[in-house]
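Okay, structure first, notes after.
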DNA sequence: TTAGCTTTTGCAAATCTTTGCAGGTGCTAA
DNA sequence: TTAGCACCTGCAAAGATTTGCAAAAGCTAA
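Chains as they are written, first to last, in the numbering used here: chain A, 1 to 153; chain B, 1001 to 1153.
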């Protein structure tokens, strides 16, 4: 099945993700590439329903269950980051090397990248004081961003 | 409707929670007190299904929807902390004053308390560098605890 | 103590998410 | 290039969570 041609020039994150999936022995089905492409093309974090709707418009036979399974696969394999906002889960591609974390504004819903360096001291203190090895790969904090703070009257 | 008598002597967290609910104008229905009591009596964090099962054994008419609504109310009002572990959500009472955070072991599923002080530097750096005000009230980290680390061969 | 207003509950239905299964399809090795 | 196997997909059904609504019950004020 050929769903779409390779109109993905310059999509570095997309290419990285494909490489990771292949490395780990996962099959590159058109459905997976489609979902991946949908997420890659989305500017911000994107929810299951949006992924489904956008992808289905390209390939109408796509099943919602496949989207769920695909997204969970991508998450477990490390290709994307899952951000839990309240009760809503959204997703965003992750780059190959650099894990980065997220700050999410509760008011305007924008996300901001956060360098891992901000969490290093925290992580080190847990290891040192409790011998607890935290997994901060998919770390996200919610809060209020600077724009929304200044808009408060 | 009277479900159970006041066998709650010394349950400080429970009493605090009741006070907070009353303060905020929520009705203290037997169902709510029952759910609260169930969570308070649970030694560790507890899931919706467990809350439901345990509470229903005391008051069989209790509906699952009520448990969901009650737990969400408690969370929004700040009476309990919701911990998202993977796909599972669990709950734990919160004391009136002292918020504390959680470390959760992915392997043995035990939780450990974490003093807020460990996150203060992190929080301060976000405020300073990005003017981003993180909400760390319900903070939980997953990882591997010291026991499980030592059990690895 | 009671009346009455408003919130809350239980039920049932809607929605969201996961899972089992049989057929279809990517990938590997020849 | 093809054959064959293991993995994936779509479908349908199960399971989990949320929501609308009418009846029931908590709380306040008299």
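Glycine is no exception: its CB is placed at the ideal position from the N, C-alpha and C atoms. No experiment lies behind these values; they were computed from the predicted model shown.
Specify, as a first and last residue, the run of the alpha helix (DSSP H) that residue 1127 of chain B falls within.
1117-1130
Flag this pair as touching only if the region 1077-1090 of chain B and the region 1014-1032 of chain B have three or more C-beta atom pairs under 8 Å; answer yes or no.
yes
If you pair each beta-carbon of the region 62-75 of chain A with each one of the region 101-109 of chain A, do three or more pairs fall below 8 Å?
no
Alpha carbon to alpha carbon, how far is residue 83 of chain A from residue 32 of chain A? Give it in angstroms, no decimals.
20 Å
Use the C-beta contact count for residue 14 of chain A: other C-beta atoms within 10 angstroms, 16 or more gives buried, fewer gives exposed.
buried
With a cut-off of 8 Å, does the C-beta of residue 1038 of chain B fall near any C-beta of chain A?
no
From the DSSP output, which residues share a beta bridge with residue 1017 of chain B?
Answer by DSSP bridge pairing: none, since residue 1017 of chain B is not bridged.
Per the DSSP calculation, residue 1022 of chain B is bridged to which residue(s)?
None; residue 1022 of chain B has no bridge partner.
Proximity test, Cβ basis, 8 Å: residue 945 of chain B and chain A:
One cannot answer for residue 945 of chain B here, as it falls past the ends of chain B, which runs 1001 to 1153.
CB residue 1101 of chain B to CB residue 1111 of chain B, shorter than 8 Å?
No, the Cβ-Cβ distance between residue 1101 of chain B and residue 1111 of chain B is not below 8 Å.
For residue 34 of chain A, which option in A:45, A:63, A:117 and A:123 has the closest C-alpha, if you only look at C-alpha atoms?
A:63
Are the region 50-63 of chain A and the region 1040-1060 of chain B in contact at 8 Å, needing three or more beta carbon pairs?
no
Cross-chain neighbours of residue 134 of chain A in chain B, by beta carbon under 8 Å
Taking a Cβ-Cβ cut-off of 8 Å, the neighbours of residue 134 of chain A in chain B comprise 1103, 1141, 1142 and 1143, given in sequence order.
For residue 1126 of chain B, is the classification buried or exposed, using 16 other Cβ atoms within 10 angstroms of its Cβ as the cut-off for buried?
buried
For the candidate residues B:1042, B:1150, B:1132 and B:1052, whose alpha-carbon lies nearest to that of residue 133 of chain A?
Ranked by Cα distance from residue 133 of chain A, the first of B:1042, B:1150, B:1132 and B:1052 is B:1150.
Ignore the nearest five residues each way along the sequence and tell me which others in residue 148 of chain A's own chain have a CB closer than 7 Å to its CB.
105, 107 and 108
Sheet register partners of residue 1134 of chain B (DSSP bridge)
A:143
Would you grab the beta carbon distance between residue 81 of chain A and residue 138 of chain A for me? Rounded to a whole angstrom, and I think it's under 8 Å.
5 Å
Checking contacts by CB at 8 Å: is residue 1015 of chain B closer than that to chain A?
no
Can you find a CB in chain B that lies within less than 8 Å of the CB of residue 70 of chain A?
no
Identify which residue in B:1040, B:1146 and B:1145 has its Cα closest to the Cα of residue 1092 of chain B.
B:1040
Could you give the uninterrupted runs of the beta strand (DSSP E) lying entirely in the region 1057-1119 of chain B, keeping only those of 3 residues or more?
1080-1085, 1088-1093, 1101-1105 and 1111-1114
In chain B, which residues lie with their C-beta within 8 Å of the C-beta of residue 125 of chain A?
Within chain B, the residues placing a beta-carbon under 8 Å from that of residue 125 of chain A are 1118, ordered along the chain.
Measuring alpha carbon to alpha carbon, tell me which residue in A:140, A:131 and A:129 is nearest residue 157 of chain A.
This structure does not reach residue 157 of chain A, given that chain A is present from 1 up to 153, and the question cannot be answered.
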